[in-house]
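S.K.: Read top to bottom, the protein sequences are chains A and B. In our numbering, each residue's number is its place in the first sequence (first place is 1) plus 37. In our numbering, each residue's number is its place in the second sequence (first place is 1) plus 13. This is the structure, below, for whatever I ask next.
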Amino acid sequence: MHYRWETGMIAWVLHRVTGLALIFYVSLHIWVVASLQIGAVTFQNTMKFVQAPLFRFLEVGLLFCVIYHALNGLRLIAIDFLGATEKHIALFYILVGIGIIFWIWGGSTMVAHAIHDLQHGVAFFPF
Amino acid sequence: MKLKQSGTGSGGAFAWFFQRITGLILVLTLLLHYLFLHFFNHGIVTYQEVAARLATPFWKTVDLLFLVSVIYHAVQGILMVIHDYVHHPGIRITLIGLTWFLGIVLLITGTTTIINFRL
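See below:
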């Protein structure tokens, strides 16, 4: 059996991989935010931990997954409901362009935060 | 090669359709989430600020919709992957059970976080 590594296939594999990564993140996110229920001190400590520079850098990867999965998801909706099947490849590259702009915009903010914290004595690893 | 499984989307048209509906809801709620939590608000996240936001009916509604949609979308997504790659009946039913268990635990955890705050 052969796999053809063309645009549609790459788009599909990336959708799956980013989807699974996002499930992992969302599970952690719901669990971390649940520390609100314990109280202010626990929540602030948890937030301090997850906002360490290490996680700011990992969030750049998270942002890639979010942007890719959201934009490619919109592309799937356009194909399924708006009859964009014949333009699916062009649509993919247009969305890649838009995605890269958003990724650089958001990612640079995250890296700037991390560098600022590192310069002010925050440890890279929170543990 | 013998192909027994029809593949992705064995949940049928319902699963396929609602994966798109919840996906669209997620794009909209995620936009609100990012705008208010990361764009208008660049500072340090404080308990008071989050508690005050979660106490409002508007954010309770948005966050509950966000939570229910993301859990449905995630559970359905994992089920599609299981249907595609896991063919052994025992492992399959175990993984499907674990997926629903994870989904329900996260739904309870998230819901109690959202509804517990009062003005």
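Built from N, CA and C at the ideal position, the CB exists for glycine as well.
For residue 130 (chain A) and residue 66 (chain A), I'd like the C-alpha separation in whole angstroms.
M.R.: As a working note, residue 130 (chain A) is residue 93 in the first sequence. As a working note, residue 66 (chain A) is residue 29 in the first sequence. Going by the C-alpha atoms only, they are around 31 Å apart.
S.K.: Which of the three DSSP states is assigned to residue 109 (chain A) in this structure?
M.R.: Here residue 109 (chain A) refers to the residue found at position 72 of the first sequence. Three-state DSSP puts residue 109 (chain A) in a helix.
S.K.: Excluding sequence positions up to five away, which residues of its chain have a Cβ less than 6 Å from the Cβ of residue 125 (chain A)?
M.R.: In the first sequence, the residue the question calls residue 125 (chain A) occupies position 88. The answer, listed in chain order, is 116.
S.K.: Helix, strand or coil for residue 74 (chain B)? Go by DSSP, reduced to three states.
M.R.: Numbered from 1 along the second sequence, position 61 holds the residue referred to as residue 74 (chain B). Residue 74 (chain B): helix per DSSP, three-state reduction.
S.K.: Just the C-alpha distance for residue 122 (chain A) and residue 91 (chain B), rounded to the nearest angstrom, thanks.
M.R.: Start at 1 with the first residue of the first sequence, and residue 122 (chain A) comes out as number 85. Start at 1 with the first residue of the second sequence, and residue 91 (chain B) comes out as number 78. Computed Cα separation, rounded: 25 Å.
S.K.: Looking at the secondary structure, which residues open and close the alpha helix (DSSP H) in which residue 102 (chain B) lies?
M.R.: In the second sequence, residue 102 (chain B) corresponds to position 89, counting from 1. 102-128 is the extent of the alpha helix (DSSP H) around residue 102 (chain B).
S.K.: Comparing the C-beta of residue 83 (chain B) with each C-beta of chain A, is any distance below 7 Å?
M.R.: Locating residue 83 (chain B) in the second sequence gives position 70, counting from the first residue. Closer than 7 Å: yes.
S.K.: With a CB to CB cut of under 7 Å and the five nearest residues on each side skipped, what residues in its chain are close to residue 69 (chain A)?
M.R.: Taking the first sequence and counting its residues from 1, the one referred to as residue 69 (chain A) is at position 32. Around residue 69 (chain A): 83, 87.
S.K.: According to DSSP, is residue 18 (chain A) part of a helix, a strand, or is it coil?
M.R.: Since the first and last residues shown for chain A are 38 and 164, residue 18 (chain A) lies out of range.
S.K.: Is any beta-carbon of chain E found at less than 7 Å from that of residue 73 (chain A)?
M.R.: Absent from the structure is chain E; the protein chains it does hold are A and B.
S.K.: Using the beta-carbon count (16 or more within 10 Å), is residue 18 (chain B) buried or exposed?
M.R.: Walking along the second sequence from the start, residue 18 (chain B) turns up at place 5. Caution is warranted here: a pLDDT of 48 is assigned to residue 18 (chain B), below 50, making its placement in the model unreliable, and the coordinate value is therefore given only provisionally. Exposed is the call here.
S.K.: In this structure, does DSSP put residue 53 (chain A) in helix, strand or coil?
M.R.: On the first sequence, position 16 is the one that residue 53 (chain A) refers to. Correct three-state label for residue 53 (chain A): helix.
S.K.: Under DSSP, the alpha helix (DSSP H) around residue 69 (chain B) begins and ends at which residues?
M.R.: For the purposes of this step, residue 69 (chain B) is taken as residue 56 along the second sequence, with counting starting at 1. That residue, residue 69 (chain B), is in no alpha helix (DSSP H); it is neither H nor E in DSSP.
S.K.: What did DSSP end up calling residue 54 (chain B) once you bin it into helix, strand or coil?
M.R.: Here residue 54 (chain B) refers to the residue found at position 41 when the second sequence is read from its first residue. Looking at residue 54 (chain B) - three-state DSSP - the assignment turns out to be coil, as it is neither helix nor strand.
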